[in-house]
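Engineer: Residue numbers (the working numbering), protein chains in the order written: chain A, 1 to 335; chain F, 1001 to 1335.
The C-beta atom is built at its ideal place from N, Cα and C for all residues, glycine as well.
In this text, all values refer to a predicted model and were calculated from it rather than measured experimentally.
1) Here's a check: name, in chain order, each residue in its chain whose Cβ is nearer than 6 Å to the Cβ of residue 259/A, leaving out the five neighbours to either side.
2) Assign residue 13/A to buried or exposed, taking buried as 16 or more other Cβ atoms, counted over all protein chains shown, within 10 Å of its Cβ.
3) With 8 Å as the limit, tell me which residues of the segment 86-118 of chain A have their beta carbon closer than that to any beta carbon of chain F; keep them in chain order.
4) Can you tell me the Cα-Cα spacing of residue 230/A and residue 1037/F, whole angstroms?
5) Compare the C-beta of residue 64/A with all C-beta atoms of chain B and state if any pair is closer than 9 Å.
6) Taking 9 Å as the threshold (C-beta atoms), are residue 1126/F and residue 1035/F in contact?
7) In whole angstroms, what separates the C-alpha of residue 1163/F from that of residue 1106/F?
8) Do you know whose CA, among 1136/F, 1119/F, 1160/F, lies nearest residue 1042/F's CA?
9) For a minimum of 4 consecutive residues, which ranges assigned as the alpha helix (DSSP H) are wholly contained in the segment 1066-1143 of chain F?
10) Can you tell me whether residue 1049/F is buried or exposed, with buried defined as 16 or more other CB within 10 angstroms of its CB?
11) Please list the partners that residue 1023/F has in chain A, where partner means a Cβ-to-Cβ separation under 7 Å.
12) If we ignore side chains and look at the alpha-carbon of each, how far apart do residue 1088/F and residue 1303/F end up?
13) Taking Cβ-Cβ distances shorter than 8 Å, what residues in chain A pair up with residue 1120/F?
14) Just tell me which of 1058/F, 1297/F, 1251/F, 1241/F has its CA closest to the CA of residue 1091/F.
15) Rounded to whole angstroms, how far is the Cβ of residue 1307/F from the Cβ of residue 1269/F, which I believe are closer than 8 Å?
16) Would you decide whether residue 69/A is buried or exposed? Buried here means 16 or more other CB atoms lie within 10 Å of its CB.
17) Identify whether residue 1288/F lies in helix, strand or coil by the three-state DSSP scheme.
18) Using 9 Å as the limit for Cβ to Cβ distance, is residue 404/A near chain F?
19) Counting only beta-carbon atoms, is residue 1163/F nearer than 9 Å to chain A?
20) Since residue 1149/F and residue 32/A should fall inside the 8 Å C-beta cutoff, what is the C-beta to C-beta distance between them, to a whole number of angstroms?
21) Do the CB positions of residue 246/A and residue 225/A come within less than 9 Å of each other?
22) Express the C-alpha separation of residue 1262/F and residue 1072/F in angstroms, rounding to a whole number.
23) With 16 other CB atoms within 10 Å as the buried threshold, where does residue 128/A fall?
24) What does the Cβ neighbour count give for residue 1309/F, buried or exposed, with the cut at 16 atoms within 10 Å?
25) Looking at C-alpha atoms only, which residue of 1075/F, 1170/F, 1154/F, 1025/F is the closest neighbour of residue 1276/F?
26) Looking only at its own chain, which residues have a Cβ that is under 7 Å from the Cβ of residue 1080/F, when we skip the five neighbours before and after it?
27) Just list the residues that DSSP pairs residue 1263/F with in beta bridges.
28) Using the C-alpha atoms, what's the distance from residue 19/A back to residue 1104/F?
29) Cβ atoms of residue 1201/F and residue 1217/F: under 9 Å apart, would you say?
30) Assign residue 65/A to buried or exposed, taking buried as 16 or more other Cβ atoms, counted over all protein chains shown, within 10 Å of its Cβ.
31) Looking at residue 1239/F and residue 1280/F, is the spacing between their C-beta atoms short of 9 Å?
32) Here's a check: name, in chain order, each residue in its chain whose Cβ is nearer than 8 Å to the Cβ of residue 1333/F, leaving out the five neighbours to either side.
33) Flag residue 1242/F as yes if its beta-carbon sits less than 9 Å from any beta-carbon of chain A, otherwise no.
34) If you follow the alpha helix (DSSP H) that residue 1226/F is part of, which residue opens it and which one closes it?
35) What does the alpha-carbon distance come out to for the pair residue 1113/F and residue 40/A?
36) Quick check on this structure: which residue in 1315/F, 1192/F, 1074/F has the alpha carbon closest to the alpha carbon of residue 1140/F?
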């Protein structure tokens, strides 16, 4: 007995005390994937001063360039419950930061799904964030949003104003409007001609094997198209507020790829979102007609009200994450 | 005794089994800091098609824009031993990815210093990576490196070649040359007119209180300048291969900021690095003349050979991380 006690106490002593809400990882890291090499020529030699007052540098940009690779950061929880890696794909003009801490500093879905036991991989799409962009792209004017744009375009409110007192949020909105200025810092420039490169890089994530893809907004256009092209790589597709869907004529390719399509609140009163939602509904119907499984959840329809276009940042983001986890469990994708 | 045993066994049962090399975090997340709002006007209205075949969008970029904020990602180990947060600042044309997994997939300094018990904060400087860039910057041609450039400029080798067989690495180089193609994927476009904005955002990290700053290459120019401006915020400065130093006339402002300046191998035979190293030596001498503490370590001088400009990625990156940790311990900054 004494020996057993000693062994137990020794085990306790060498095991660091882990609190219930600690995050225990068996690994973390990052990599770039995909891309190609292109030859750049005809660029003028530039005399650059890299820092004010510095010595001029003769810079020749000609020669082979690496372009169109994609940055991926991953976190592997010690208690793994998700059967497949969970890939988080962001929307237009944003980066993987979408899924990190919310603009008001709460846990985002990245941390939540790590805690739920999923190996989580967060990407920055080609051209965005830590994926960088190429010399060819830099000559084309990217789309860079003024502060007003996301507020009124993504169902946060009806009127943005430099004077916070004059802003008009949609009534009952779950978006943390008081942190809107932090939110707009997450946006990065966006080009409009890079779809094929983005899809190629997302497809290159096949090195991870089959995965669950959770996409947002523009990212769902890529999610549906990658699933159409390589359905064996996608064990499930969770489309959060898709701005576009796939090609309905190819929806049958997803007959073995269960899909959950989620929409927030305030869509009926919006100028653009009823049409965008219609694309998702039509695609889901085409999937079902082909024998596939597509669940469309309008959050207000199940009593969850006030969600903006960004449920991963909304005040009830934990509730939506639980809903997604439960759907994945129903599909047999959680141990 | 039986009661004590039960308690011990119960504690074991509810404590998840944590392996020695697991990473236990009490928190993780990210935020953007700093920046300002500027008014953009005179931009033409553009009809943009966001995805091929999509419905044109009338896009007006005019109005207030958020610019020059900085992205910071943080990891807080459960067993904290560093007395202050450790800030990792990258070099020119790169992002915080510098400190993540090495190009050949080993642990980088981010993970190593988390394991050593430091609260670690990794930034992407203003204009780079997840910090985004502004409409004003997008009109100026950024510096985008061809694949050859970092190989020959940063003491990896003497000749880069598209044919790997013809590449000539410096003999005994610790850089994982076989993963060079992964390495160049980490580079992002760089502007040459953003120093003041970068310094402003780095200084805004004061919201964290006093910190230890570990900088690399161009990032050390910012490290020394922020320490000169706000010495009370910087408890120690670790300058890894600084490409520039501060203003020697202001080195006295660092008399209470101990500095470690580290250089790798192959400097003597390089065209540019002896001059750049001289800037660091002169600054260290000026710090000491003013009563400060500045330690310059030439790695080959202490028998550590083969380091490139990127010791955080070199094969012996763990050995260099240990050296830095020991120096911080000597300075009383590790519990």
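Structural biologist: For this structure:
1) Taking the first chain and counting its residues from 1, one reaches residue 259/A at position 259. So the list reads 237, 294, once near-sequence residues are dropped.
2) Along the first chain, read from residue 1 onward, the residue named residue 13/A stands at position 13. Because the pLDDT at residue 13/A is just 49, under 50, the model does not fix this residue reliably, and the point stays unresolved.
3) Within the segment 86-118 of chain A, the residues whose Cβ lies closer than 8 Å to some Cβ of chain F are 92, 95, 96, 97, 100, 101, 105, 107, 108, 111, listed in chain order.
4) Residue 230/A sits at position 230 when you count from the first residue of the first chain. Residue 1037/F sits at position 37 when you count from the first residue of the second chain. Taken atom to atom, the span from the alpha-carbon of residue 230/A to that of residue 1037/F is near 43 Å.
5) Given the protein chain composition of this structure (A and F), no chain B is represented.
6) Start at 1 with the first residue of the second chain, and residue 1035/F comes out as number 35. Start at 1 with the first residue of the second chain, and residue 1126/F comes out as number 126. Result yes, Cβ atoms of residue 1035/F and residue 1126/F sit closer than 9 Å.
7) Indexing the second chain from 1 puts residue 1163/F at position 163. Indexing the second chain from 1 puts residue 1106/F at position 106. Looking at the two C-alpha atoms, the distance is approximately 25 Å.
8) For the purposes of this step, residue 1042/F is identified with residue 42 of the second chain, where counting begins at 1. Among 1136/F, 1119/F, 1160/F, the Cα nearest to that of residue 1042/F is on 1136/F.
9) Under the rule that a run must span 4 or more residues, the alpha helix (DSSP H) segments found entirely inside the segment 1066-1143 of chain F read 1109-1115, 1135-1138.
10) Reading the second chain from its first residue, position 49 is the one you call residue 1049/F. Here residue 1049/F is exposed. Its C-beta has fewer than 16 other C-beta atoms within 10 Å.
11) Residue mapping note: residue 1023/F aligns to position 23 of the second chain, counting from 1. Simply 25, 28.
12) The residue you call residue 1088/F lines up with position 88 of the second chain. The residue you call residue 1303/F lines up with position 303 of the second chain. Distance from the CA of residue 1088/F to the CA of residue 1303/F, rounded to the nearest whole angstrom, comes to 26 Å.
13) The sequence position of residue 1120/F within the second chain is 120, counting from 1. The contacting residues do not exist; residue 1120/F stays about 12 Å from chain A at best.
14) One-based indexing of the second chain puts residue 1091/F at position 91. Considering only alpha carbons, the answer is 1241/F.
15) Translated into positions along the second chain, residue 1307/F becomes position 307. Translated into positions along the second chain, residue 1269/F becomes position 269. Under the criterion of beta carbons closer than 8 Å, residue 1307/F and residue 1269/F do not qualify as touching, at roughly 14 Å.
16) Translated into positions along the first chain, residue 69/A becomes position 69. It counts as buried.
17) Translated into the one-based positions of the second chain, residue 1288/F becomes position 288. Of the three classes helix, strand and coil, the one that applies to residue 1288/F here is helix, per DSSP.
18) Since the first residue of chain A shown is 1 and the last is 335, residue 404/A is not available in this structure.
19) Within the second chain, residue 1163/F is the residue found at index 163, counting from 1. No, no contact with chain A.
20) The residue given as residue 1149/F occupies position 149 in the second chain. The residue given as residue 32/A occupies position 32 in the first chain. Actually they do not touch by this definition, with Cβ atoms about 17 Å apart.
21) Start at 1 with the first residue of the first chain, and residue 246/A comes out as number 246. Start at 1 with the first residue of the first chain, and residue 225/A comes out as number 225. Less than 9 Å separates the beta-carbon of residue 246/A from that of residue 225/A.
22) Sequence index remark: in the second chain, residue 1072/F carries index 72 (1-based). Sequence index remark: in the second chain, residue 1262/F carries index 262 (1-based). For the pair residue 1072/F and residue 1262/F, the Cα-to-Cα distance works out to about 24 Å.
23) Here residue 128/A is taken as the residue at index 128 of the first chain, counted from 1. Burial of residue 128/A is indicated by the presence of at least 16 other C-beta atoms within 10 angstroms of its C-beta.
24) As a position in the second chain, residue 1309/F is number 309, starting the count at 1. It is buried - the Cβ of residue 1309/F has at least 16 other Cβ atoms within 10 Å.
25) The residue you call residue 1276/F lines up with position 276 of the second chain. When only C-alpha atoms are compared, the closest one is 1154/F.
26) For the purposes of this step, residue 1080/F is taken as residue 80 along the second chain, with counting starting at 1. Its chain contains 1117, 1119 as the residues whose beta carbon lies nearer than 7 Å to that of residue 1080/F, once the 5 sequence neighbours on both sides are disregarded; these appear in chain order.
27) Position 263 of the second chain, counted from the first residue, corresponds to residue 1263/F. For residue 1263/F, the pairing in a beta bridge is given by DSSP as 1298/F.
28) Indexing the second chain from 1 puts residue 1104/F at position 104. Indexing the first chain from 1 puts residue 19/A at position 19. A straight-line Cα-Cα distance of about 34 Å links residue 1104/F and residue 19/A.
29) Taking the first residue of the second chain as position 1, residue 1217/F is located at position 217. Taking the first residue of the second chain as position 1, residue 1201/F is located at position 201. Not a contact, by the Cβ cut-off of 9 Å.
30) Here the question's residue 65/A lines up with position 65 in the first chain. So residue 65/A counts as buried.
31) Numbered from 1 along the second chain, position 280 holds the residue referred to as residue 1280/F. Numbered from 1 along the second chain, position 239 holds the residue referred to as residue 1239/F. Yes. Within cutoff.
32) Residue mapping note: residue 1333/F aligns to position 333 of the second chain, counting from 1. Sequence-distant partners of residue 1333/F (beyond 5 residues in either direction) whose C-beta falls short of 8 Å from its own C-beta, in its chain, are 1082, 1083, 1084, 1212, 1235, 1236.
33) In the second chain, counting from the first residue as 1, residue 1242/F sits at position 242. So no, residue 1242/F is outside the interface.
34) On the second chain, residue 1226/F is found 226 positions in, with the first residue counted as 1. In the DSSP assignment, residue 1226/F falls within the unbroken alpha helix (DSSP H) covering 1218-1229.
35) What you label residue 1113/F is simply residue 113 of the second chain in a count that begins at 1. What you label residue 40/A is simply residue 40 of the first chain in a count that begins at 1. For residue 1113/F and residue 40/A, the distance between alpha carbons rounds to 39 Å.
36) The count along the second chain starts at 1 and reaches residue 1140/F at position 140. The shortest C-alpha to C-alpha distance from residue 1140/F to any of 1315/F, 1192/F, 1074/F is the one to 1192/F.
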